[in-house]
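For reference, the structure discussed in these notes is given below.
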Amino acid sequence: MKVHEFQAKQLLAQHGVTVLRGRAAATPAEAIEAARHIQGSLWVVKSQVHAGGRGKGRVVGEVPPDVIAQAARGGEGLPGKGGVRIARSTSEVGDHAKALLNKTLVTRQTGPGGVTVKKVYVEEGCEIARELYVAMLLDRSRYQVVVMASTEGGTEIEEVAARTPEKILKAWVDPVTGLGDWQAREMAFRLGLVGKTVFSFVKLLKGLYAAYMAYDASLVEVNPLVVTTAGECVALDAKMTFDDNALFRHKEVSALRDLSEEDAAELEASRWDLNYVKLDGTIGCMVNGAGLAMATMDIIKLEGGEPANFLDVGGGATRENVKAGFEIITRDPNVRGILVNIFGGIMKCDLIAEGVLAAVRDVGLTVPLVVRLEGTNAERGRELIQQSGLPVITASSMEDAARKIVRETTRVAAAAGTERS
Amino acid sequence: MAILVHEHTRVLCQGITGGAGSFHCRQMLEYGTRLVAGVTPGKGGQRFEGAVPIFDTVAQAVAETGANASVIFVPPPFAADAICEAVDAGVELVVPITEGIPVNDMLAVWAMVRSRGARMVGPNCPGVITPGARCKLGIMPGHIHRPGRIGVISRSGTLTYEAVGQLTVLGLGQSTCVGLGGDPIVGTRFVDALELFEADSETDAVIMIGEIGGSAEEEAAAWIQAHMTKPVVAFIAGATAPPGRRMGHAGAIISGGKGTAEDKFLTLEAAGVHVVRSPAGMGHRMREVLQAQGLL
């Protein structure tokens, strides 16, 4: 699960991480009020969206379409026109908020469609001496949390890793002792920090680790971490993502979930315990098990089609789940054909067949449907389909199934083309 | 001998009285597994299916029955604790089936498992089966397997069944099938399982089924190139998966451009592994490889 920058900062601040004063706002008036409350003479108005690359993003309608397209590919910065803007008066704060709120922001991470900015975060400005980078996440080969730091603050870590990997410092945390002060100090010295800044850095890093563990985060990233001219380390930006499997014990984190940032079909699928990821192709698929579901997408592609989605109905799917999954797939307007691929282990194929047939009867079937059933009660499942009298095509293997659905989808598309002409 | 589990494996089940635990324990008994004990705190003294004694603690179960392997069906919030209990009681092989254990719980659990020298397969896995010994710890359908000389290792559940199904249809039986699990932290990785299969006199060749995310397949490729004499056939799921999206399994995600199927295919190919690009071709490719090497 992801949260917004201002939410991440609230969580981090509770664990001793220094952040600047700021307030979230949903209207220009609220933004002006926030700036007055914060006081000072310099503010930053930051779009609150889950996607990264906000600074170099562009607002649809404010710049020509070719500049928007460039932003989606990761264009260069254009001061004053990005998703993060500097204001020198409260009225300028209001202007920026107006220019960003309820507008579509396109960044390298949002894709060409962009996302709607529902909130901005108004934050006080600060005097920056240096920009650094720090992050924590699981190192999947060592099975330990790795702390990464770099002098290249403000640059995306993937870019640093590709160009100058030697500039990324790493330290691994022993789960028994936690992050040691010594590890944080060593990192501070290697980053070239001196004097009291070293200890400010240690405090910040320990705070990040405490928050990482306390909330079951899967990523904490501060980019940039700035050293102010007064020598203090401050989290200027903050990104946190959380382990979905641990949300059951973090009501305070679950409460921060912003459903408007999530795909409606994926949300509905999760309510039915279905794992659904929308893709751009035309062949919908429903499969039991994540690995087999990915493999089914792969074989559709190998046979010349394009998968419209990933859908894992899980190991304990019921007739109702299967029906719900089927409905979610058919609602996707791009879908021109559906492939159901089930290898029944625990899951019984006759139950799957019943669910699919029930869905076809209720929802109707406007596109070709190929069903491949294998494993437990497969024979019975195939019989049910054949006896139903519904136009469902059965397949004898995974390859046969993929071939049939690609052929049927192509045939229907060709027929539709003939009709139109 | 096969690997990990065999005739002498004395199995206990933690969470034997729960919905999933009781269903799968019945299946394991039916398959022929020597299920000698169950553990459910507070239900000690009862019997499962009128035959298998239930204990309050793993330590009691081990002391009274000599159980040396544990299959775990405890729900996610309590599963990490269950693994620790089994390891502390001296159980040599721990197989947590549970899906959805918080990964930070596993950081400390892994440190303990390793310090005690225990072996863990999973979590979030279908388990381990040795068809020749009629020994199954997990949730895979027993009937699709047949005894033989092919080792199967996989990060997936049903895709493993697909591979096993393809082998069985072609008359190629399995020595042991190991579901490694779909989580970022799993006790046994490809390298560990390959090492066991390489040393096993009852295994001629191995099918390995990977997926996007992490670098376990790349580590396996390096190990295969340096140490493996037996042929390996490999498939990687997720060539069509978009970057940055979690594909069902907690560990199946391409992050920062790392962990793509294409990279894994190329690395394995370069290490001399017989790579198949289609999941439908795993069994056929294995037969070709065995024929070419005079093993069939």
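Taken in sequence, the protein lines are chains A and Y.
Numbering of the first sequence is given in the working numbering, commencing with residue 1 and proceeding in unit increments.
Numbering of the second sequence is given in the working numbering, commencing with residue 1001 and proceeding in unit increments.
Idealized CB from N, CA, C, for every residue including glycine.
Per-residue contacts from residue i into chain Y (C-beta, under 9 Å)
{"i": "Val145/A", "result": "Asn1104 and Leu1107"}
{"i": "Glu399/A", "result": "Ser1278, Pro1279, Ala1280 and Gly1281"}
{"i": "Lys2/A", "result": "Correct list: empty, because the minimum Cβ distance to chain Y is about 11 Å."}
Interface residues of chain Y facing residue i [CB-CB closer than 7 Å]
{"i": "Pro307/A", "result": "Thr1240"}
{"i": "Thr376/A", "result": "Pro1141"}
Rounded distance between the beta-carbons of residue j and residue i, thought under 8 Å
{"i": "Asp1056/Y", "j": "Ala1080/Y", "result": "In fact, because the Cβ distance is near 19 Å, the residues do not count as touching under 8 Å."}
{"i": "Met1140/Y", "j": "Pro1126/Y", "result": "5 Å"}
{"i": "Val122/A", "j": "Val93/A", "result": "6 Å"}
{"i": "Val120/A", "j": "Leu105/A", "result": "Incorrect: roughly 11 Å between the Cβ atoms, too far for contact."}
{"i": "Ala395/A", "j": "Val371/A", "result": "7 Å"}
{"i": "Val1191/Y", "j": "Glu1219/Y", "result": "5 Å"}
{"i": "Lys239/A", "j": "Ala8/A", "result": "6 Å"}
{"i": "Gly281/A", "j": "Glu306/A", "result": "3 Å"}
{"i": "Asp273/A", "j": "Asp243/A", "result": "Their Cβ separation, rounded to whole angstroms, is 18 Å, which puts Asp273/A and Asp243/A out of contact at 8 Å."}
Residue i and residue j closer than 8 Å at C-beta
{"i": "Gly344/A", "j": "Leu384/A", "result": "no"}
{"i": "Ile1253/Y", "j": "Thr1260/Y", "result": "no"}
{"i": "Gly1138/Y", "j": "Ile1144/Y", "result": "no"}
{"i": "Leu208/A", "j": "Leu12/A", "result": "yes"}
{"i": "Met1286/Y", "j": "Phe1235/Y", "result": "no"}
{"i": "Tyr276/A", "j": "Asn309/A", "result": "yes"}
{"i": "Phe1078/Y", "j": "Ile1097/Y", "result": "no"}
{"i": "Met1247/Y", "j": "Met294/A", "result": "yes"}
{"i": "Ser141/A", "j": "Ser1215/Y", "result": "yes"}
{"i": "Lys206/A", "j": "Leu179/A", "result": "yes"}
{"i": "Ser1278/Y", "j": "Leu292/A", "result": "no"}
{"i": "Thr1160/Y", "j": "Cys1177/Y", "result": "yes"}
{"i": "Thr330/A", "j": "Val363/A", "result": "yes"}
{"i": "Pro1131/Y", "j": "Arg1146/Y", "result": "yes"}
{"i": "Val1052/Y", "j": "Gln1014/Y", "result": "no"}
{"i": "Leu138/A", "j": "Ser150/A", "result": "no"}
Reduced DSSP secondary structure (H/G/I, E/B, other) of residue i
{"i": "Phe189/A", "result": "helix"}
{"i": "Cys1135/Y", "result": "strand"}
{"i": "Tyr437/A", "result": "An answer regarding residue 437/A cannot be provided, because it is not within the stretch 1 to 421 covered by chain A."}
{"i": "Lys239/A", "result": "strand"}
{"i": "Gln1060/Y", "result": "helix"}
{"i": "Gln1293/Y", "result": "coil"}
{"i": "His96/A", "result": "helix"}
{"i": "Arg1285/Y", "result": "helix"}
{"i": "Thr282/A", "result": "coil"}
{"i": "Ser150/A", "result": "strand"}
{"i": "Phe1073/Y", "result": "coil"}
{"i": "Leu262/A", "result": "Looking at the sequence itself, residue 262/A is Glu, so the reference to Leu does not match. Correct three-state label for Glu262/A: coil."}
{"i": "Asn245/A", "result": "helix"}
{"i": "Gly291/A", "result": "helix"}
{"i": "Ala1241/Y", "result": "coil"}
Closer than 8 Å to chain A by CB, residue i
{"i": "Ser1215/Y", "result": "yes"}
{"i": "Glu1195/Y", "result": "no"}
{"i": "Leu1266/Y", "result": "no"}
{"i": "Gly1294/Y", "result": "no"}
{"i": "Trp1110/Y", "result": "yes"}
{"i": "Pro1123/Y", "result": "no"}
{"i": "Gly1256/Y", "result": "yes"}
{"i": "Gly1100/Y", "result": "yes"}
{"i": "Ala1271/Y", "result": "no"}
Short CB-CB distance (under 8 Å) between residue i and chain Y
{"i": "Pro165/A", "result": "no"}
{"i": "Pro175/A", "result": "yes"}
{"i": "Asp181/A", "result": "no"}
{"i": "Val277/A", "result": "yes"}
{"i": "Ala8/A", "result": "no"}
{"i": "Phe343/A", "result": "yes"}
{"i": "Ala295/A", "result": "yes"}
{"i": "Ala210/A", "result": "no"}
Under 9 Å by beta carbon: chain A residues contacting residue i
{"i": "Pro1184/Y", "result": "Leu138, Arg140, Tyr143 and Ser218"}
{"i": "Tyr1161/Y", "result": "Gly289, Leu292, Phe343, Gly344, Gly345, Glu374 and Gly375"}
{"i": "Ala1252/Y", "result": "Ala290, Gly291 and Met294"}
Chain-ordered neighbours of residue i on chain A, where CB pairs are closer than 7 Å
{"i": "Arg1155/Y", "result": "Gly291"}
{"i": "Ile1129/Y", "result": "Here the premise fails: no neighbours, minimum Cβ distance about 11 Å."}
{"i": "Arg1245/Y", "result": "Val277"}
{"i": "Glu1064/Y", "result": "The premise fails here: Glu1064/Y is roughly 30 Å from chain A at the closest Cβ pair, so nothing lies under 7 Å."}
Chain-ordered neighbours of residue i on chain A, where CB pairs are closer than 8 Å
{"i": "Thr1040/Y", "result": "Those do not exist, as Thr1040/Y stays about 20 Å from chain A at its closest Cβ, beyond 8 Å."}
{"i": "His1249/Y", "result": "Ala290 and Gly291"}
Cross-chain neighbours of residue i in chain Y, by beta carbon under 8 Å
{"i": "Asn288/A", "result": "Thr1158"}
{"i": "Gly178/A", "result": "Per Cβ cutoff of 8 Å: no residues; Gly178/A is ~11 Å from chain Y at best."}
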